[in-house]
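Chains as they are written, first to last, in full-length UniProt numbering: chain D, 1 to 465; chain Y, 1 to 465.
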């Protein structure tokens, strides 16, 4: 029986752990190897509870492996963006017109631990930590690892290797350096970096600001956001230009200057951040990069998954959801093509790559939308209209955000195409004052849908052969 | 005097030779170092006269260094695309409505030799061949070279280094591997490769097919093109999928199969290609890649130019023209910022990168246009209308091709934005039968310009802040 094939998964982060569990459920022999120590028994993340936005595409994957309920227990619902404009009252901009549609804040560590616990329960999964991958033989599907503590090396021979080793993937690097096939590759950095900070819990674990929202302080070129944690704290992230503008990572070199910047630009956040300057200088400055590449598999034996194949910037809250959806789509292809791995990989990429390319581009769009547009009147008008459409006509209308986040039955590429056309249609109609206040909501919807269809038709003509 | 600065240029191809000449004319001390032997005294290119499309942006650069006249002597004018559809008579699709606007076929070797000859005449230029760059110290501006014959190494210390070492740049590689700054990088391959073939001269150096045209045999997924050489021959290039379709590089493994494919798909070319199958198996299969990166300079001391900074696919005939235009734009910045190299480099990239990104994208558009659209009726209708506009209203209308190729006073980015909007406008008007045959040419132009402006306005709304 082919299920005796030995599958090696490099990387026991969110994607690798989920994949290990799913392939084990399908009956394969799985080795899961991780560079870092076991996050369940170490204190790496102590004092820093890093959280993620978890939504329908990710939930679908957790449902596939039977863990939807346990994941939900770790979630804090976020109903919308709480927008803090300077000198104004904050207001909530809902993610959807429907109360039942919201995203969740979840701890990366808790979710990863849940997946590792479940994978470990399977008799056909073995897990090793502290093993750093140093070399991959793509044609033979062998990989070599060095033990962090003993410095001893081991070579693992597998039938199939999955590289789920993240944005800085060593498996991908070995593909880039192999000259036996043409490997398209891109890494693109934004002009901004990020810094994680914190709002601690209030008295008795209470939340100092609204619990059920993703908070944004948009300031044009830069912004601060905050997501809630179960303990009452918020993980705060500053997105700031490396060297442009009055304040930037290059010139924020003293506690006084950092405090001055926050007091001036983000006073309503700074008021809740007693450890602001300590956090600022203790925590590293992270880069924001997008990675795309192709082909994802080499020789039908080694395959990239998750961030290793498509790292994206965090602004759509879809990084982990997209990686989880990878596992769902791969699982469909395994079902369809049985154990012909080469065909499985080719068909998977054929279906999947247009979608991961699309979410990468959407995430960059959202960087600009969040820091600039959320504060602009015309975008607020647009959001208001879309929310009304979704409330009154939930089946007839879905905004770009809703298509991407809550309609997991369509791919990201379709969501991008339709969502961008809608955005353009509404903004044009608003800019030209064509949405008359006299019109009923239904008449406005008809107008928007007509304009959207025209834009889609006009774009299609360029594709005529 | 700062002109005593020592400038090292790595790569004595077209871009490096032109840059060396220009910087020497400005008074700098220039060392020009090339990996290959001197192309003026070796026979590398014997039997393969590789030619390039040379047009207004490139001519402007040759004019800057005083070599426009000498370059023109090497040129064969090409008035348009000679389109060879299967089973039909060929027809000429002009590049412009104006007779005075045409592109040229020029020998890469002859043009490079001209530049080397002129650079060598300058007392402040030294040239070395057969020196392969093995290492670049970006912070110190030192570079190490190995001599091809003696295997001896030398390290050259410069004040400023230019990497003009082509699409596979070693200088760029050293930037990618440096972890002291974030380097955005992409290499993207097309699904197609290319193979150079030949149509030999006819009797007494005559041309077997029309001399003053760029010939295209468009076949949907694949195509053949041919450009004339001064000796009466044509350099023929087959662009073919690596593995898709009935015939591809993977399955064309015997002379019989190659002959069969050409007889079937390109009979009017094959009739003039007595050495087709020999050429096919003697010449290498080339890959078609696009390279983009940023920043182009590191530490204000090392700077990428030409293909090293932005390699593009050949379908717009702009690769060499874009590299030459680099030198013109850099020269303007040197003039403006005197000898502050860091500012010169930053301002150069700020102005230049949007344009080189644009020509990279335009070149990929043209791949599809050449192999598919040149044969499609709606695109022929569009071309006919545009040619009529340009003939009657040369100041009021310029097609995308004309904007890119003959209007060197505007950048590629502006040409792309305006050209794409015009294409979309005309195709939409044609598809919707809105261009009534009853209308005068001027009325048609008004209609096209209105539709174009609407498209540009609608696109602009998404950029509102």
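Cβ atoms here follow ideal geometry from the backbone N, Cα and C, with glycine treated the same way.
Query, Result
"Contacting positions in the segment 290-305 of chain D - beta carbon closer than 7 Å to chain Y", "none"
"Helix, strand or coil at residue 393/D according to DSSP, with G and I counted as helix", "coil"
"Min CB distance residue 287/D to chain Y below 7 Å", "yes"
"Whole-angstrom C-beta distance between residue 13/D and residue 112/D, which should lie under 8 Å", "7 Å"
"Residue-level contact to chain Y via CB, residue 424/D, 7 Å cutoff", "yes"
"Within the segment 103-146 of chain D, ranges of the beta strand (DSSP E) (whole runs, at least 3 residues)", "103-107, 125-128, 131-137"
"Neighbouring residues, chain Y, relative to residue 401/D (Cβ below 9 Å)", "Within 9 Å Cβ-Cβ: nothing; residue 401/D doesn't reach chain Y, min ~16 Å."
"Interface partners of residue 428/Y on chain D, CB under 7 Å", "458, 461"
"For residue 281/Y, the nearest candidate out of 295/Y, 251/Y, 135/Y, 267/Y (CA to CA)", "251/Y"
"Residue 414/D (DSSP reduced to helix, strand or coil)", "helix"
"Contacting residues, own chain, Cβ-Cβ under 6 Å from residue 304/D (five flanking each side not counted)", "163, 172, 296"
"Buried or exposed by the 16-neighbour rule on C-beta atoms within 10 Å, applied to residue 356/D", "buried"
"Where residue 228/D sits in the DSSP three-state scheme", "strand"
"Under 7 Å by beta carbon: chain Y residues contacting residue 466/D", "This structure gives no information on residue 466/D, because the portion of chain D shown stretches from 1 to 465."
"Rounded separation between residue 313/D and residue 81/Y - CA only", "43 Å"
"According to DSSP, residues forming a beta bridge with residue 302/D", "161/D, 298/D"
"Where residue 182/Y meets chain D, residues with beta-carbon distance less than 7 Å", "189, 287"
"Pairwise C-alpha distance: residue 35/D and residue 20/D", "16 Å"
"Three-way DSSP call (helix, strand, coil) for residue 78/D in this model", "strand"
"Closer than 9 Å at the beta carbon, the chain Y residues around residue 186/D", "184, 185, 186, 187, 188, 292"
"Spatial neighbours of residue 461/D in its chain, beta-carbon cut-off 7 Å, leaving aside the 5 residues before and after", "none"
"The segment 261-277 of chain D touching the segment 177-196 of chain D, judged by at least three CB pairs closer than 8 Å", "no"
"7 Å CB neighbourhood of residue 148/D in its chain, flanking five on each side removed", "130, 132"
"Closer than 7 Å to chain C by CB, residue 408/Y", "This model lacks chain C altogether, as its protein chains are D and Y."
"Contacting residues, own chain, Cβ-Cβ under 7 Å from residue 425/Y (five flanking each side not counted)", "448, 451, 452, 455"
"Nearest to residue 340/Y (by Cα), restricted to the options 107/Y, 299/Y, 439/Y", "299/Y"
"Cβ-Cβ separation, residue 165/D to residue 308/D (assumed contact under 8 Å), whole Å", "5 Å"
"Segment limits, alpha helix (DSSP H) that includes residue 68/Y", "68-72"
"Meets three-Cβ-pair contact criterion under 8 Å: the segment 52-72 of chain D and the segment 360-370 of chain D", "no"
"Residue 323/Y versus residue 272/D: straight-line alpha-carbon distance, rounded", "54 Å"
"Enclosing alpha helix (DSSP H) for residue 54/Y [first to last residue]", "From DSSP, residue 54/Y is part of no alpha helix (DSSP H) but of the beta strand (DSSP E) over 51-54."
"Burial state of residue 150/Y (16 or more Cβ within 10 Å)", "exposed"
"Any 3 or more C-beta pairs closer than 8 Å across the segment 326-338 of chain Y and the segment 369-379 of chain Y", "no"
"Extent of the continuous beta strand (DSSP E) to which residue 42/Y belongs", "Taken as a continuous stretch (DSSP letters only), residue 42/Y belongs to no beta strand (DSSP E), as it is neither H nor E."
"Buried versus exposed call for residue 155/Y [16 or more other C-beta atoms within 10 Å across all chains shown]", "exposed"
"Residue 31/Y burial status per 10 Å Cβ neighbour count (16 or more: buried)", "buried"
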